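Participant:
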Ligand SMILES: NC(=O)c1ccc[n+]([C@@H]2O[C@H](COP(=O)([O-])OP(=O)(O)OC[C@H]3O[C@@H](n4cnc5c(N)ncnc54)[C@H](O)[C@@H]3O)[C@@H](O)[C@H]2O)c1
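Residue numbers (the numbering used here): 32 to 489.
1) Considering only heavy atoms of ligand 1, does any lie closer than 7 Å to the CB of residue 154?
2) In terms of alpha-carbon separation, which member of 367, 130, 463 and 114 lies closest to residue 124?
3) Alpha carbon to alpha carbon, how far is residue 385 from residue 440? Give it in angstroms, no decimals.
4) Let me have the residue list for ligand 1: C-beta closer than 5 Å to any non-hydrogen atom, ordered along the chain.
5) Please list the terminal residues of the continuous alpha helix (DSSP H) segment that includes residue 463.
6) Helix, strand or coil for residue 280, going by three-state DSSP, please let me know.
7) The alpha helix (DSSP H) that contains residue 126, what's its start and end?
8) Reducing DSSP to helix, strand and coil, say where residue 43 ends up.
9) When you compare only the Cα positions, how much space is there between residue 182 and residue 282?
10) Could you pull the DSSP bridge partners for residue 285 from this structure?
11) Could you give the distance in angstroms between the alpha-carbon of residue 399 and the alpha-carbon of residue 323?
12) For the alpha helix (DSSP H) containing residue 332, list its first residue and its last residue.
13) Hey, out of 107, 388 and 259, whose CA is closest to residue 161's CA?
14) Run through the DSSP bridge pairs and tell me what residue 436 is partnered with.
15) Could you give the residue range of the beta strand (DSSP E) that holds residue 37?
16) Is the region 288–298 touching the region 472–479 in the sense that three or more CB pairs, one from each, lie closer than 8 Å?
17) How is the alpha helix (DSSP H) around residue 384 delimited, first residue to last?
18) To which residues of the same chain is residue 357 closer than 8 Å at the C-beta, ignoring the five residues directly before and after it?
19) Taking the alpha-carbon positions, what's the residue 391 to residue 352 distance?
20) So what does residue 471 bridge to, in DSSP terms?
21) List the DSSP bridge partners of residue 258.
22) Quick one: which unbroken beta strand (DSSP E) runs of 3-plus residues sit fully inside the region 59–100? Chain order, please.
23) Take residue 101 and list the residues in its own chain whose beta-carbon comes closer than 6 Å to its own, dropping the five residues that flank it on each side.
24) Would you kindly check if the distance between the Cβ of residue 75 and the Cβ of residue 83 is under 8 Å?
25) What's the C-alpha gap between residue 65 and residue 489?
26) Please go through the same chain and pick out, in chain order, the residues whose beta-carbon is closer than 6 Å to the beta-carbon of residue 375, but skip the five residues on each side of it.
27) Three Cβ pairs or more, each shorter than 8 Å: is that satisfied between the region 127–138 and the region 166–173?
28) Compute the beta-carbon to beta-carbon distance between residue 252 and residue 235, rounded to the nearest angstrom, for a pair I have assumed lies under 8 Å.
29) Straight-line CA distance for residue 207 to residue 279?
30) If you run the structure through DSSP and keep just helix, strand and coil, what is residue 153?
31) Between residue 86 and the rest of its own chain, which residues show a CB-CB distance below 8 Å, the 5 nearest in sequence each way excluded?
32) Just how far apart, CA to CA, sit residue 190 and residue 370?
33) Please list the terminal residues of the continuous alpha helix (DSSP H) segment that includes residue 376.
34) Taking the alpha-carbon positions, what's the residue 464 to residue 470 distance?
35) Please list, in chain order, all residues of the same chain as residue 33 whose beta carbon is under 6 Å from its beta carbon, the five residues on each side excluded.
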């Protein structure tokens, strides 16, 4: 199969490179010329563990282009363009990137030389019903195409739209793509469903060369679920809403644990041992962020509103998360009393470890709150070197951040922050307060170095 991936972001590059690793010829297409040029030279446009060597290792099966015309000879076109929420419009999803890509495809579908219909695999997280919308946009565009084309389309379809929602986590993207828990294949046309299964066969049967460092000893094969287009779209939103619910649940429990004197770590271990609950996504912290959970939750609530349905549970999940981002300021006020005029060091900026992604990162909101309260804020992150906040100084090491600080705050769960030399850091600080926003640090070690330690529900 010849595959074209439209959109060279986190999802598009990871999917394309992993499918090339499975033996397919893959063309990565993007409208951003610089991105395409960099990729062709082996440079990733973002940081993702293990992906750059895989890009280099599969170079002979990868091509790069800015020309959507690449789909005319392809079997499969994977759509992986952004679907952001417009600012200040909770629940709205900006479909302009998806529609621009689809219109570009419509413009060249009439020149298609391939005998089979193009299998369009949508990986973008788009509101329920968008698959049908994409089909309709293509149908209308081809109806309006030069004479003869529309009739031909009726007897020999040129495309078929399917949905294969993406569940990868940035930072674990290669692992998640090559060893997913499950593959959700949404197609209304049975023949398209069969083609989707064939596309994913190397991943389903795990018949690709092992990637050093990534595969666990012997993971089970992914579960494969063939379903309808609309159910696949709904599964993506429901899955992310459930994960956000688990996180907000344990964060709410963390507040209660602090009040009653229980450790939330013990509570989450204790309930996570129940297989009906499971231990993942059950760690208390500063709340979830990133480009997906919040956006998807809002989009699902907006869909519910379209159907005049209320979603009180999902609303509460968002409220708890918003509140959680205020915990750092409250703990600092308890420890330092006056925050105005203090210097606070943030350890970690990315919304999670293993990525440099700052989209909806709690760090930026926390920094804004601290700056508004009159503190000066400096930060260090192993993967982030710049932030869209002139008042927030990004420094080159934890030590630089610690010098003269009144408090350090662990914002991102980078593993190296668990092993810091607290005695050396304590030496260079003005006051020794440690807010462990990810319950990462050995409390005894920090306290032995003279820190006043505050975790989340610990
Ligand atoms: N990042 C994640 O962890 C993740 C996980 C699951 C699902 N998703 C979904 O996958 C989709 C892609 O997300 P991402 O994080 O990879 O996005 P991204 O912002 O990292 O990259 C998107 C790429 O698409 C390109 N692009 C924009 N318009 C285009 C067009 N018309 N033609 C070709 N390329 C175009 C951009 O230049 C960019 O390189 C989104 O719908 C997102 O919600 C993302």
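Every residue, glycine too, gets a C-beta built ideally from N, C-alpha and C.
Because the structure is a prediction, the values reported are computed rather than measured.
Facilitator: Well, looking at it:
1) Remark: the C-beta of residue 154 is in contact range of ligand 1, defined as less than 7 Å to any heavy atom.
2) With distances taken between Cα atoms, residue 124 lies closest to 114.
3) If I take the Cα positions, the gap works out to 18 Å.
4) Here the list is 37, 38, 39, 40, 41, 42, 61, 62, 63, 111, 112, 113, 114, 128, 131, 132, 155, 156, 197 and 201.
5) Counting along the chain, no alpha helix (DSSP H) covers residue 463, and no H or E run does either.
6) DSSP places residue 280 in helix when its eight states are reduced to three.
7) No alpha helix (DSSP H) holds residue 126; DSSP gives it neither H nor E.
8) Helix, per DSSP.
9) At residue 182, the pLDDT of 49 sits below 50, so the modelled position is not reliable; the number obtained from the coordinates is stated separately. Distance between residue 182 and residue 282, taken at the CA atoms: about 58 Å.
10) Partner(s): none; residue 285 has no beta bridge.
11) The straight-line gap from Cα to Cα measures roughly 21 Å.
12) In the DSSP assignment, residue 332 falls within the unbroken alpha helix (DSSP H) covering 324–337.
13) Restricting attention to 107, 388 and 259, the CA atom closest to the CA of residue 161 is found in 259.
14) DSSP lists no partner for residue 436.
15) Residues 33–37.
16) Touching, no.
17) Residue 384 -> no alpha helix (DSSP H), and no H or E assigned at all.
18) Within the same chain, Cβ atoms closer than 8 Å to the Cβ of residue 357 are found at 400, the five residues on either side in sequence being excluded.
19) Rounded to whole angstroms, residue 391 to residue 352 spans 12 Å at the Cα level.
20) In DSSP, residue 471 forms no bridge with anything.
21) In DSSP, residue 258 forms a bridge with 217.
22) Runs found: 93–96.
23) Spatial neighbours of residue 101 in its own chain (CB-CB distance under 6 Å, excluding positions within 5 residues in sequence) are listed in chain order as 35, 58 and 60.
24) Their beta carbons are under 8 Å apart, which means residue 83 touches residue 75 by this criterion.
25) Annotation: residue 65 to residue 489 spans about 47 Å, alpha carbon to alpha carbon.
26) If we look at residue 375 and ignore the five residues flanking it on each side, its Cβ neighbours are 401, 406, 408 and 438.
27) A contact exists between the region 127–138 and the region 166–173.
28) Correct: roughly 6 Å between the Cβ atoms.
29) Distance between the alpha carbons of residue 207 and residue 279: 23 Å.
30) If DSSP states are grouped into helix, strand and coil, residue 153 belongs with the strands.
31) Take residue 86, set aside five residues on each side of it, and the residues of its chain with a beta-carbon closer than 8 Å to its own are 44, 48, 70, 73, 75 and 93, in chain order.
32) Spanning the two alpha carbons is a distance of roughly 60 Å.
33) Residue 376 -> not in any alpha helix (DSSP H); beta strand (DSSP E) instead, spanning 374–378.
34) Rounded to whole angstroms, the gap between the alpha carbons of residue 464 and residue 470 is 15 Å.
35) Apart from sequence neighbours up to five positions away, the residues of its chain that approach residue 33 with a beta-carbon distance below 6 Å are 56, 105 and 106, ordered along the chain.
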